[in-house]
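Chemist: The letter at position 207 of the sequence shown is residue 730 when you use the numbering used here, and the numbering goes up by one with no holes. Ideal Cβ positions, reconstructed from N, Cα and C, are used throughout, including at glycine.
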Amino acid sequence: MNRSLAVTLASLSLATAASAQRAYTVVSPDRATTVRVETGPRVAYSVTRRGRVLVAPSPISLTLDGGRVLGRGTRVTGSDTRQMRDSVRPVAPTKNALVRGRWNELDVRFAGGYSLEVRAYDEGVAWRWVLAMGDSVTVVAEQATFDVQGATPGWVGLDSTFMTHYEPAYKLVSLDTLRGGRLGLLPLLVPLDGGTKVAITESNLESYPGMYAVSGRDSSASGPAIVGRFPAFALADSARNDRDVVVIRRAPYIARISGRRALPWRVIIIADEDRALLENQLVYELAPASRLGDVSWIKPGKVSWDWWNALNVRGVPFRAGLNTATYEYYIDFAAKYGIPYIILDEGWYKLGDLLTQAPGVDVPAIVRYGQSKNVGVILWTTWHTLEQQMTPALDQFQRWGIRGIKVDFMQRDDQAVVDFYWRTAREAAARHLLVDFHGAHKPAGLNRAWPNVLTFEGVRGLEHNKWSEEVTPRHTMILPFTRMLAGPMDFTPGAMINAQPRDFRVVFDRPMSMGTRVRQLAMYVLYESPLQMLADSPSEYLREPEAMDFLSTVPVTWDETHALDAKVAEYALVARRSGDSWYVGAMTDSSARTLPLSLSFLGDGRWTMDLWADGPNADRNAMDFTRTTREVSRADSVQLRLAPGGGFVARLRPVNR
């Protein structure tokens, strides 16, 4: 990462009338957003944008053991404001090959060995506490308040416990709903009257509990506010089985941490247009830099996944199921279409013991067969079993030639389990193993620090179609504007059996998706995941060569991203470039929609445009689609006609490529 200081500005800002109180400001590079920090009896921040108050003065503090409260009764010892620039090339870029950061930064230092760091970006703001104390401290509580002004009902995932898969559906609810034991999962998105959107989340979450949101009248806030809540430190837990580890006793504090460290960033994303949310990378920009030197072995790619389709294959001379022959069939399919990985999901090992394979499964033989076809193998595991057997299990995986692990069912983000994520990432990297976290909390920077962590679930994804009717066209239109703000999202798309909502049925062993066939294809452009699943059975894909023409070529990482048009929960139209090819994806909710697509993002010259569009009868039969090709230039435009729950994709390559 190249980082330089452009300008050092004045250190102390406006003083208030009371000599014990001071106020400091930092303004975004585009001069539109101002963060004001008040000090004195309390520390509070506020955010204005173009003269409008977005966040009213909101108190923040950190309570340590012994009753000491950082941010109360403060004495400032100094401050600095700086203009900052940096650039980073992500190992697995989900939006842009080069991420350029530009922000102004305020550091306010307090007597007692701590400071507040505040950043103002054009696309949002962030703040965090930085400690310079002794060897260790105990954090009893953190006060993180967001007194959002002009809030209308927001998009929030609700849960009632800190034991969560992070998979509730986003609902449009009043922020007062976050009371009475209900927790808001992050990111949450709040539309303001006037159209601006504000999203709240966090970054640089390391050895610290994850933040949730509740609504309440903070004692120092100007009115009802969003307030952070944190799971307390787990003193004792109990394993109910190989995956569900329940906290049975919590400490009267949330974390024990080093006394010389920065705490997680509290992030406020600001978007004047909905489409700007689809381009926002603040969580990644605020994450810690990569801790890996050699990253040449990290290879993002698509994965043929077994569990969603229940190993349900046909036209084969063997009994399909959890056996070597079935996985060799998956490898043959992957090799045919250049898919670099398959996953062996639940069932390949004796549950509770990663060192004992299940009868009928010969992992070393499967790996050797995959190597002969240039297809790597990823292994699923529950987190609790991996925690108990981490060193011998990962050593064995390395000896076998495994390419990655899918770690499942953490369901917690208290400090101990967050530590497990980081330890797993580190130990996997030491053995050149990729990581996919399922049953996971939201991304919060780990994937930048350890880029072998390619994706996270933490979303109500396609798997829910196996037992519910809740993965609706509307639900899948909310996700790019909410959950995906945090980082990669393993939604696991790719269903080839598709139905409109009135025709949808729950079938566990041969599941379907709600919405059109092309909608499933469009998810590979709109949904970001450097390890992207093909969820359906190889037998289904082999019957769909036109769909596979797209799925076999669509990239999982991107050099350039443009959100062309979007409205939260209704539709999105995105263009992404990989090398010299462009891919366009569009999705709509349950309403049919016509969207104009200008091709002005293309370079000069003529382009071959392959289009997959909802068929004329897709409103009745969701599997109806058309596949056409035309020659275009950047001066052209295309009218996209999307069926209810529909989609559109296009691949554009220079003519004569």
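(1) Would you mind sorting L758 into buried or exposed? The rule is 16 or more other CB atoms within 10 Å of its CB.
(2) With DSSP collapsed to three states, give me the class of N970.
(3) Excluding the 5 residues flanking L537 on each side, which residues of the same chain have their C-beta closer than 8 Å to its C-beta?
(4) Using the beta-carbon count (16 or more within 10 Å), is E986 buried or exposed?
(5) Determine the direct distance from the alpha carbon of W828 to that of T1015, and round the result to whole angstroms.
(6) Could you compute how far the alpha carbon of V1178 sits from the alpha carbon of L956?
(7) Taking M656 and R783 to be in contact with their CB atoms under 8 Å, please state how far apart those CB atoms are, rounded to whole angstroms.
(8) Given a threshold of 16 other Cβ atoms within 10 Å of its Cβ, counted over all protein chains shown, does I771 qualify as buried or as exposed?
(9) E1063 bridges to which residues according to DSSP?
(10) Alpha carbon to alpha carbon, what distance is there between D1088 and S1121?
(11) Please list, in chain order, all residues of the same chain as E1067 whose beta carbon is under 7 Å from its beta carbon, the five residues on each side excluded.
(12) Thinking C-beta only, is N846 closer than 9 Å to V900?
(13) Taking the CB atoms as reference points, tell me whether R573 and S602 lie closer together than 9 Å.
(14) Please report the Cβ distance between P811 and N897, rounded to the nearest whole angstrom; I am assuming they are in contact, meaning their Cβ atoms lie under 8 Å.
(15) Cβ of V713 within 8 Å of any heavy atom in the ligand MG?
(16) According to DSSP, is K989 helix, strand or coil?
(17) Which first and last residues belong to the alpha helix (DSSP H) in which F856 is found?
(18) In the DSSP assignment, the alpha helix (DSSP H) including D918 goes from what residue to what residue?
(19) Starting from D1137 and walking both ways along the beta strand (DSSP E), at which residues does that stretch end?
(20) At least one CB of chain C closer than 9 Å to the CB of P1177: is that the case?
(21) Looking at the structure shown, is P710 part of a helix, part of a strand, or coil, going by DSSP?
(22) Look up W678 in the DSSP assignment and give the residues it is bridged to.
(23) Does the contact criterion of 3 or more C-beta pairs under 8 Å hold for the stretch 1151 to 1169 versus the stretch 1110 to 1118?
(24) Thinking Q672 and V737 are a contact (beta carbons under 8 Å), I'd like their distance in whole angstroms, please.
(25) Closest to D645 by C-alpha separation, out of S551, V721, A843 and Y735, would be which residue?
(26) So, with DSSP's three-state summary, where would you put V550?
(27) Just tell me which of P1011, P1003 and R1025 has its CA closest to the CA of L1049.
(28) Taking 9 Å as the cut-off, decide whether the C-beta atoms of F856 and P1078 are in contact.
(29) Where does V976 fall in DSSP's three states?
(30) Let me know the secondary structure DSSP gives L1044 once reduced to three states.
(31) Quick one: using the 10 Å Cβ neighbour count with 16 as the cut-off for buried, is Q1162 buried or exposed?
(32) Roughly how many whole angstroms lie between the Cα atoms of A491 and M1110?
(33) Between the Cα of T597 and those of W831, G636 and L706, spot the shortest distance and give me the residue it belongs to.
(34) Reducing DSSP to helix, strand and coil, say where R1143 ends up.
(35) Could you spell out where the beta strand (DSSP E) holding I723 opens and where it closes?
(36) Nearest-angstrom Cα distance between I854 and G861?
Modeler: Working from what's here:
(1) That one is exposed.
(2) Helix.
(3) Reliability fails at L537, whose pLDDT of 36 lies under 50, so the model's placement of it is uncertain and the value that follows must be treated cautiously. Around L537: R545, A546, Y547 and T548.
(4) Here E986 is buried. Its C-beta has 16 or more other C-beta atoms within 10 Å.
(5) Distance between the alpha carbons of T1015 and W828 is about 9 Å.
(6) Looking at the two C-alpha atoms, the distance is approximately 39 Å.
(7) Indeed, because the Cβ distance is near 7 Å, the residues count as touching under 8 Å.
(8) When all chains shown are included, I771 counts as exposed.
(9) According to DSSP, which records beta bridges pairwise, E1063 is partnered with nothing at all.
(10) The straight-line gap from Cα to Cα measures roughly 11 Å.
(11) So the qualifying residues of the chain are M1019.
(12) No, the pair does not count as a contact, with Cβ atoms beyond the cut-off.
(13) The Cβ-Cβ distance between R573 and S602 does not fall below 9 Å.
(14) Separation of the CB atoms of P811 and N897 is rounded to 34 Å, and the pair is thereby denied contact status at 8 Å.
(15) For the structure depicted, the ligand MG is absent and the ligand set is empty, with no information on it obtainable.
(16) K989: helix per DSSP, three-state reduction.
(17) Under the DSSP assignment, F856 falls in the alpha helix (DSSP H) whose first and last residues are T847 to K859.
(18) Following the DSSP letters along the chain, one finds D918 inside the alpha helix (DSSP H) bounded by residues M913 to W923.
(19) Unbroken beta strand (DSSP E) run through D1137: W1130 to D1137.
(20) Although the question refers to chain C, the structure presented lacks it and comprises just one protein chain.
(21) In this structure, P710 counts as strand in the three-state DSSP scheme.
(22) Note: W678 sits in a beta bridge opposite L695 and L712.
(23) The stretch 1151 to 1169, when compared against the stretch 1110 to 1118, does touch it at the 8 Å Cβ threshold.
(24) In fact, because the Cβ distance is near 18 Å, the residues do not count as touching under 8 Å.
(25) The shortest CA-to-CA distance from D645 to any of S551, V721, A843 and Y735 is the one to S551.
(26) Three-state result, V550: strand.
(27) When the alpha-carbon of L1049 is set against those of P1011, P1003 and R1025, the nearest one is in P1003.
(28) With contacts defined as CB atoms closer than 9 Å, F856 and P1078 fail to qualify as a contacting pair.
(29) In this structure, V976 counts as strand in the three-state DSSP scheme.
(30) In this structure, L1044 counts as helix in the three-state DSSP scheme.
(31) Residue burial annotation: Q1162 is exposed, with fewer than 16 other C-beta atoms found within 10 angstroms of its C-beta.
(32) Since the first residue of the chain shown is 524 and the last is 1180, residue 491 is not available in this structure.
(33) Between T597 and the set W831, G636 and L706, the nearest pair of CA atoms involves G636.
(34) Look at R1143 here: in three-state DSSP terms it is coil, with no helix or strand label.
(35) That run of the beta strand (DSSP E) goes K720 to S726.
(36) The straight-line gap from Cα to Cα measures roughly 10 Å.
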